[in-house]
Amino acid sequence: MQVPRRRRVGLGDWLLPVYVTLAFIFLMIPIAYTFIFSFNDSLKSNISWRGFTLDKWLNVCNVEGGAVCEAFANSIVIGVVATVVATVLGTLIAIALVRYRFRARSAISLLLFLPMATPEVVLGAGLAAQFLAAGVPKDMTTIILAHTMFCISFVVVTVKARVASLDPALEEAGRDLYGSPQQVWWRITFPLLLPGIMAAALLSFALSFDDFIITNFNSGSVTTFPKYIYISASRGIPAEANVIASAVFIIALAVVVINQVSRAARAKRLAKELG
1045 MQVPRRRRVG LGDWLLPVYV TLAFIFLMIP IAYTFIFSFN DSLKSNISWR GFTLDKWLNV
1105 CNVEGGAVCE AFANSIVIGV VATVVATVLG TLIAIALVRY RFRARSAISL LLFLPMATPE
1165 VVLGAGLAAQ FLAAGVPKDM TTIILAHTMF CISFVVVTVK ARVASLDPAL EEAGRDLYGS
1225 PQQVWWRITF PLLLPGIMAA ALLSFALSFD DFIITNFNSG SVTTFPKYIY ISASRGIPAE
1285 ANVIASAVFI IALAVVVINQ VSRAARAKRL AKELG
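Taking my numbering, I'd label the letters of the sequence shown as residues 1045 to 1319.
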C-alpha cells in the first residue's frame, strides 16, 4: 500500500497569514491608541500617559466649554441631513438612469462620476468660490449643500447597481396580480432596493462625518468634529476627543456585529424552513 506523501509547507503557506496579521495589526494600532488614551489623566495635551481615569468619559463635554461636543453635534446634524437628502435624490436618479432611456442619460452618468474623481481640494475651492459669487454666507447650510453634492454620486453608483440587478419578472408578477404602481413599489421594489439604499446611506454618512477638506472651505465659523481635531492638533488634542472617537468606533462595531448576527440568524431560520 502506498503511503500518502506529506505535502511540503512552502513559503506562501505562512507568508500570506503573516502578512494579513501584520496588516490587521497595523490598521488597529491607531484605533487602539485612541481608545487607550481616552482614559488618560491629561490636562490639555494627550500625548504622554499620565495615569488611568474615567473622568474623561464621565465629563466629556466639560472641556473648553463643551466645544468638542458642539463640534461633534454639528457633524452629526450635517451628516444626517446630507445623508437623507443625498439618499433620496440619488435613489431617484439611479432608478431613472436604469429604468428610462433619454438623450442626456450618458452625459448625466458621466457628470455623476466627476465628484468622485475630482480632488476634494478642487471641489472645496470651487464650491467656496460659487458661494462667494452668489453672496451666500458660509454656515451650516453651505456645508450641508457641499456634502450633499459629493454624496449623491456615491449613492447613485451604489443604488444603480442594485436597481440593475433586480429581476423585472418580480414586478411584472405584482402587476399581474392587480397590484397598483404604489403597491408594487412598496411591497416588491422598495424592499429589494432597501439593502442597497441602506449601504449608500451608511457610506454617505461616513463620508460626510469624516470630511475635512471640503468642509474647511465652506464652513465659515462653524466647527465640525474633524475641523476641531485639526485645530486642536497644534496645541494637543484633548482626551475628550479620543473619548468621542472611541465611542463612534464602538457604535460602528456594534452595528456591524448586530447586522452579521441578524443575517446569520435569518439565514439559519430560512435553511431550517427549507430543510
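Where a beta carbon is used, it is the ideal one built from N, C-alpha and C, also for glycine. Small disclaimer: the values here were computed from a predicted structure and weren't measured.
Unbroken alpha helix (DSSP H) runs of no fewer than 4 residues, entirely contained in the stretch 1253-1308, are found at 1257-1262, 1269-1277, following chain order.
Counted as a single uninterrupted DSSP element, the alpha helix (DSSP H) harbouring F1157 occupies residues 1149-1161.
By the Cβ neighbour-count rule, T1162 is exposed, with fewer than 16 other Cβ atoms within 10 Å of its own. Judged by DSSP in its simplified three-state form, F1096 adopts strand. Comparing alpha-carbon positions, the option among R1219, I1069, N1260, V1112 lying closest to G1168 turns out to be N1260.
N1084 carries a strand assignment under DSSP once its states are collapsed to helix, strand and coil.
Judged by DSSP in its simplified three-state form, D1183 adopts coil rather than helix or strand. With fewer than three CB-CB distances shorter than 8 Å, the stretch 1197-1215 does not count as touching the stretch 1263-1276. With fewer than 16 other CB atoms across the displayed protein chains lying within 10 angstroms of its CB, A1178 is exposed.
In the structure shown, L1221 falls within a coil segment according to DSSP collapsed to helix, strand and coil.
Per DSSP, the unbroken alpha helix (DSSP H) holding C1113 starts and ends at 1111-1143. Inclusion of L1171 and I1258 in the CB contact set at 8 Å is warranted, their separation being smaller than that value.
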